[in-house]
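>
There are 2 protein chains.
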Amino acid sequence: MQLTLLTLAEPNRFNIVELLRNGPKSVGEIVQALGISQPHVSRHLRILSEAGMVRSRSKAQLRIYSLEAGPFQELDEWFDSFSILWEERLDNFEEYMLDYKKKEDL
Amino acid sequence: MQLTLLTLAEPNRFNIVELLRNGPKSVGEIVQALGISQPHVSRHLRILSEAGMVRSRSKAQLRIYSLEAGPFQELDEWFDSFSILWEERLDNFEEYMLDYKKKEDL
DNA sequence: GACATGTATATACACCTTGATATATATTAA
DNA sequence: TTAATATATATCAAGGTGTATATACATGTC
Numbered sequence: 000m001q002l003t004l005l006t007l008a009e010p011n012r013f014n015i016v017e018l019l020r021n022g023p024k025s026v027g028e029i030v031q032a033l034g035i036s037q038p039h040v041s042r043h044l045r046i047l048s049e050a051g052m053v054r055s056r057s058k059a060q061l062r063i064y065s066l067e068a069g070p071f072q073e074l075d076e077w078f079d080s081f082s083i084l085w086e087e088r089l090d091n092f093e094e095y096m097l098d099y100k101k102k103e104d105l
Numbered sequence: 000m001q002l003t004l005l006t007l008a009e010p011n012r013f014n015i016v017e018l019l020r021n022g023p024k025s026v027g028e029i030v031q032a033l034g035i036s037q038p039h040v041s042r043h044l045r046i047l048s049e050a051g052m053v054r055s056r057s058k059a060q061l062r063i064y065s066l067e068a069g070p071f072q073e074l075d076e077w078f079d080s081f082s083i084l085w086e087e088r089l090d091n092f093e094e095y096m097l098d099y100k101k102k103e104d105l
């Protein structure tokens, strides 16, 4: 999960992920879409690949990259677990103060 | 969203977020829990704060930090949108190949 | 086999962030 | 006011990461 976050934090890689969300793309197509050099794209694709976020398949000289569900699913679940933040009624600060008082009373 | 990812990608900040999920904490409590120096914690808290992911309130000399829902909610929604990845039936690669053939036929 | 296209890797370098240390600020209490 | 506690900021060295360029590799075509 930590690795997925680190990988996604880089803007070019984030853009590649956004691009691949529309379906698989060859390296050349990604280069065209992002306007950065081919070696950069290949490097970022390798990092994405090592993080298990994409896979590639060959079609002649083309390498077709597509997203892999796993890491995204994992992060999706992690962020789901934060939903208490915007669903919780009781203000967390008030809660802290209650605990704080308790400790003082001991 | 990009900023949130960048901020979370740093392990110490990730740990601070995980810690604050259990409720607000003072800087000193975070220092104890993570075992890193106080200046580091303050620095990371400032970065988290600038990313809008935490807020602080004062209680005497204490600064009580707590999570802010916004950025987490935003990322939660973003990752939700990837659910097609693990729900989709049709293999994306096959889809790409179909498009590829179409282009060749032109 | 020679060549063109598509992709991957290697190297060098600049930059940014983390981490360590010292110091400054704020709040409370005596 | 002085001291003590809690927190924030400044400075700087070290390490990691992205970028540019050149080059190597793979596949298909002539």
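Residue numbers (numbering that gives the first Met the number 0), protein chains in the order written: chain L, 0 to 105; chain Z, 0 to 105.
For each residue, glycine too, the CB sits at the ideal point set by N, CA and C.
Using a Cβ-Cβ distance under 9 Å, would Ala68(Z) count as near chain L?
Output row for Ala68(Z): interface = yes.
> Going straight from the alpha carbon of Ile83(L) to that of Thr6(Z), what length do you get?
The alpha-carbon atoms of Ile83(L) and Thr6(Z) are separated by roughly 21 Å.
> Around the Cβ of Ser36(L), are there at least 16 other Cβ atoms within 10 angstroms (buried) or fewer (exposed)?
Per the 10 Å Cβ criterion, exposed.
> Evaluate contact between the segment 65 to 74 of chain L and the segment 47 to 63 of chain Z, counting only Cβ atoms and requiring at least three cross-stretch pairs below 8 Å.
No, because fewer than three Cβ pairs between the segment 65 to 74 of chain L and the segment 47 to 63 of chain Z fall closer than 8 Å, the two stretches do not touch.
> In chain Z, which residues lie less than 7 Å from Ala8(L) when you measure between Cβ atoms?
Under the 7 Å cutoff, chain Z gives Leu4, Leu5 and Ala8.
> Closer than 7 Å by beta-carbon distance: list the chain L residues that pair up with Leu74(Z), in chain order.
Simply Phe78.
> Please say whether Asn11(Z) and Val30(Z) have beta carbons closer to each other than 9 Å?
Going by C-beta atoms, Val30(Z) is not nearer than 9 Å to Asn11(Z).
> Using a Cβ cut-off of 9 Å (strictly closer), state whether Leu84(Z) contacts chain L.
It does; some Cβ of chain L falls within 9 Å.
> List the residues of chain Z whose Cβ lies closer than 9 Å to the Cβ of Gln37(L), in chain order.
Residues of chain Z passing the Cβ test: none, with the nearest at roughly 19 Å.
> State the start and end residues of the unbroken alpha helix (DSSP H) segment that holds Ser48(Z).
Residues Gln37 to Glu49.
> Quick one: Cα of Phe78(L) to Cα of Gly34(L), how far?
Approximately 31 Å between the Cα atoms of the pair.
> Name, please, each residue of chain Z whose Cβ falls closer than 7 Å to the Cβ of Gln1(L).
Neighbours of Gln1(L) on chain Z, chain order: Pro10 and Phe13.
> If we count the other Cβ atoms within 10 Å of its Cβ and call it buried at 16 or more, is Pro38(Z) buried or exposed?
Its Cβ having fewer than 16 others within 10 Å, Pro38(Z) is exposed.
> Look up Arg110(Z) in the DSSP assignment and say whether it is helix, strand or coil.
Residue numbering for chain Z in the displayed model covers 0 to 105; residue 110(Z) lies beyond these limits and cannot be assessed.
> From Leu61(Z) to Gly27(Z), what distance separates their C-alpha atoms?
Using only the alpha carbons, I get a separation of about 8 Å.
> Just checking: is the beta-carbon of Arg20(L) within a distance shorter than 9 Å of some beta-carbon in chain Z?
Yes, its Cβ sits closer than 9 Å to a Cβ of chain Z.
> Would you mind sorting Lys58(Z) into buried or exposed? The rule is 16 or more other CB atoms within 10 Å of its CB.
Counting Cβ neighbours within 10 Å, Lys58(Z) comes out exposed, since fewer than 16 surround it.
> Taking the beta strand (DSSP E) that Ser80(Z) falls in, what are its first and last residues?
Where Ser80(Z) is concerned, there is no enclosing beta strand (DSSP E), given that its DSSP letter is neither H nor E.
> Do you know offhand how far Leu74(Z)'s Cα is from Glu17(Z)'s?
Cα to Cα, Leu74(Z) sits roughly 16 Å from Glu17(Z).
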